[in-house]
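Asker:
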Amino acid sequence: MQTETTKYGETMGTGTGLFAVGAAIAIVALIVATRSKWNWRKFAVPSLAIFVGVFAIGGASIWAWDWYSNRPTKQSELWDVKIGDTVKDVRFKRGIPAKEDVPESGLSYDYVADEMNATVRFKNEKVRGVILHGANVNSVHFLQGIGIGGHSKEITERFGSDVVITSSRSGLKRLYAYPQYQIFFGLGTDKVEIFGIYDPTYPVPIKFAEDEEK
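Numbering of the sequence shown is given in the numbering used here, commencing with residue 147 and proceeding in unit increments.
(1) Report yes or no: do the region 244 to 252 and the region 286 to 304 share at least 3 C-beta pairs separated by less than 8 Å?
(2) Could you check which residue in S316, S314, G332, R315 has the C-alpha nearest to that of Y322?
(3) When we look at the beta-carbon of Y344 and count the other beta-carbons within 10 Å, is it buried (16 or more) or exposed?
(4) Can you give me the Cβ contacts of A259 inside the same chain, cut-off strictly under 6 Å, excluding the 5 residues immediately before and after it?
(5) Report the rounded CA-to-CA distance for Y327 versus E271, giving the unit in angstroms.
(6) Taking all protein chains shown into account, decide if F341 is buried (16 or more other Cβ within 10 angstroms of its Cβ) or exposed.
(7) With DSSP as the reference, label I294 as helix, strand or coil.
(8) When the Cα atoms are used, what is the spatial distance from G252 to V266?
(9) Taking C-alpha atoms, which residue in E303, H279, S314, G291 lies nearest to A264?
(10) Just list the beta strand (DSSP E) runs in the region 253 to 284, keeping only unbroken ones of 3 residues or longer that don't cross its boundaries, in chain order.
(11) What separation, rounded to the nearest whole angstrom, lies between the Cα atoms of D235 and V350?
(12) By alpha-carbon positions, which one of G306, A355, E300 ends up nearest to K319?
(13) With 16 as the cutoff for other CB atoms within 10 Å, does Y324 come out buried or exposed?
(14) Quick check on the DSSP output: the alpha helix (DSSP H) that includes F238 runs from which residue to which?
(15) Could you tell me the boundaries of the beta strand (DSSP E) in which S313 lies?
(16) Which residue marks the beginning of the beta strand (DSSP E) containing R320, and which one marks its end?
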């Protein structure tokens, strides 16, 4: 079962960097130690060119893999719950909810765990959305690198400008939704307060509180 436990954008590891530096130092030391026995000018230039070429290709490969592995992707699972899971699946995975509600939009389960709140929304007894919020979310989950407290600029830089943005009546809250990735973020004062995944066949499974009160 997959969860997000690291932030997006991790680059070359310490071990890889130390290996590259060590290899360069070893080559320089070899040349210095044997310069009186060998005509290093004859071999140094082509050898150096080969070394630089191999290092460049290796560096490019590491960068390409880092970019590929961290690209935005469609997400169908969060908090061990998948879009399309049945009510019984959710109860089996997460246990009895702290609160169960049946609004007009469908069945809703609310959970409280480790200072984190999770809401699972259903449609026709199948999961259509999973929502996380609370003080301790970031110690367990990020949504493809974006966590509670992230800014709108980080979201658009990460996922692009092809985003559906809706605002509350007062303009104090905004919802950033990416149906192509099945994810959304709720923001206030330009900081992420809530995030989740959803089935884009249906609307984003949250509403602004002030809009519900009208």
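Virtual Cβ for every residue (Gly too), placed ideally from N, Cα, C.
Answerer: The short version:
(1) no
(2) G332
(3) Counting Cβ neighbours within 10 Å, Y344 comes out buried, since at least 16 surround it.
(4) So the list is empty, once near-sequence residues are dropped.
(5) 23 Å
(6) In this structure F341 is buried. Its beta-carbon is surrounded by 16 or more other beta-carbon atoms within 10 angstroms.
(7) coil
(8) 10 Å
(9) The candidate whose alpha carbon is nearest that of A264 is H279.
(10) 254 to 259, 262 to 269, 272 to 279
(11) Their backbone Cα atoms lie some 21 Å apart in a straight line.
(12) Taking K319 as reference, the option from G306, A355, E300 with the minimal CA-CA separation is A355.
(13) buried
(14) 233 to 240
(15) Looking at the DSSP string, the run of the beta strand (DSSP E) that includes S313 is 310 to 313.
(16) From DSSP, the beta strand (DSSP E) with R320 extends over 319 to 324.
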